[in-house]
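Student:
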Amino acid sequence: MTVYAVGDLQGCHAEFVELLERIDFDPARDRLWLAGDLVNRGPESLACLREVRALGDAASTVLGNHDLHLLAVARGGARLNRKDTLDEILSAPDREPLLDWLQSRPLLVRQDFADHEDTLMTHAGLLPRWSADEAAALAAEVEARLASESSGAFLERMYGNEPSCWQASLDGIDRLRVIVNVLTRMRFIDADGCLDFRAKEGLDSAPAGFAPWFRYPRRDDVRLLFGHWAALEGRAEGARVRTEALDTGCVWGGCLTALNLTTGERIGVPGRRRR
Numbered sequence: 003m004t005v006y007a008v009g010d011l012q013g014c015h016a017e018f019v020e021l022l023e024r025i026d027f028d029p030a031r032d033r034l035w036l037a038g039d040l041v042n043r044g045p046e047s048l049a050c051l052r053e054v055r056a057l058g059d060a061a062s063t064v065l066g067n068h069d070l071h072l073l074a075v076a077r078g079g080a081r082l083n084r085k086d087t088l089d090e091i092l093s094a095p096d097r098e099p100l101l102d103w104l105q106s107r108p109l110l111v112r113q114d115f116a117d118h119e120d121t122l123m124t125h126a127g128l129l130p131r132w133s134a135d136e137a138a139a140l141a142a143e144v145e146a147r148l149a150s151e152s153s154g155a156f157l158e159r160m161y162g163n164e165p166s167c168w169q170a171s172l173d174g175i176d177r178l179r180v181i182v183n184v185l186t187r188m189r190f191i192d193a194d195g196c197l198d199f200r201a202k203e204g205l206d207s208a209p210a211g212f213a214p215w216f217r218y219p220r221r222d223d224v225r226l227l228f229g230h231w232a233a234l235e236g237r238a239e240g241a242r243v244r245t246e247a248l249d250t251g252c253v254w255g256g257c258l259t260a261l262n263l264t265t266g267e268r269i270g271v272p273g274r275r276r277r
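Quick note on this note's numbering: the sequence shown kicks off at 3 and runs consecutively.
Set out below in structure tokens:
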């Protein structure tokens, strides 16, 4: 069995199918880890959802910010943005089963591998002060709320940049919002672990006093996989932790990348330029 980690699909279904062919993926033998953002901005978000769901236990995907945005629009009263490409999903005959499946996805997946013992993937990364065990427990808090009867109320209040700093004493929606923001939106943080939401480009766009989250040291030796940050082009330069950036900007004309989690080999297929 080979496990591959794949960067953000964002509706790039044709490239996803091509990548699966390129790596000779066999769902009876191999496994996929998908870094979230299956949908939005690309032209075939509905096909991506259907494709990944059909893979069943052969594919594990974490929720990304665009996936949560889809859920917020469909079930939390949020509005579509001008650049969204989610209409086909919202009007699909199988909309509700697809949304149910998406809403049941985790925010974090984790597994021990022979050569890289503890490997963990979230969409955006991990706060340096969170241990792997703590991060898994915090992700589970959000997953439980998404699975509860109050999930609609949570999705209505999920958006927001405040609080911008994690504190263990946080509770209620403030606590859940910070967990979501760390795991699905984080790029730059300061030495206290506070998040900046303005800068979204490359490493040279860091605001004063902020740095990429992966340039801060950790106390453990977990290997971290993340997507979300297309401007990095798959390179977490200057990382002080073991990390792999997976988003190589397929939807923006870059490529879609699969990382062999045993050998470290990267395989990519070119994207069809969208913008």
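Idealized CB from N, CA, C, for every residue including glycine.
Is it buried or exposed for G154, if we count other Cβ within 10 angstroms and need 16 for buried?
Tutor: exposed
Student: At the level of alpha carbons, what is the spacing between C196 and R179?
Tutor: 13 angstroms
Student: Does the beta-carbon of M3 have 16 or more other beta-carbons within 10 angstroms, so that it is buried, or is it exposed?
Tutor: exposed
Student: Could you pull out every residue in the same chain whose Cβ sits closer than 7 angstroms to the Cβ of A247, ignoring the five residues on either side in sequence?
Tutor: The residues are F228, W231, L234, G236, R237 and A238.
Student: Helix, strand or coil, according to DSSP, for I269 in the structure here?
Tutor: strand
Student: Thinking C-alpha only, which one of L82, D192, Y161 and A208 is nearest R131?
Tutor: D192
Student: List the endpoints of the continuous beta strand (DSSP E) containing W231.
Tutor: It is not in any beta strand (DSSP E) - W231 carries neither H nor E in the DSSP assignment.
Student: Look up N262 in the DSSP assignment and say whether it is helix, strand or coil.
Tutor: Correct three-state label for N262: strand.
Student: With 9 angstroms set as the bound, which would you pick, yes or no: does the beta-carbon of E119 sit closer than that to a beta-carbon of chain C?
Tutor: The chain labelled as chain C is not found in the depicted structure, where only one protein chain is given.
Student: Report yes or no: do the stretch 76 to 92 and the stretch 208 to 226 share at least 3 C-beta pairs separated by less than 8 angstroms?
Tutor: no
Student: Cα separation between L140 and K85?
Tutor: 31 angstroms
Student: Taking the CB atoms as reference points, tell me whether R43 and H15 lie closer together than 9 angstroms.
Tutor: no
Student: Quick check: the Cα distance between V111 and M123, rounded to an integer number of angstroms?
Tutor: 5 angstroms
Student: Quick check: the Cα distance between Q12 and R220, rounded to an integer number of angstroms?
Tutor: Spanning the two alpha carbons is a distance of roughly 30 angstroms.
Student: Looking at L104: is its Cβ nearer than 9 angstroms to the Cβ of L72?
Tutor: yes
Student: Alpha helix (DSSP H) containing V111: first to last residue?
Tutor: Premise fails: V111 lies in the beta strand (DSSP E), V111 to D114, not in any alpha helix (DSSP H).
Student: Which stretch, first to last residue, makes up the alpha helix (DSSP H) that contains A149?
Tutor: Element bounds for A149: n/a, residue is neither H nor E.
Student: If you draw a straight line from the C-alpha of D194 to the C-alpha of E136, how long is it?
Tutor: 17 angstroms
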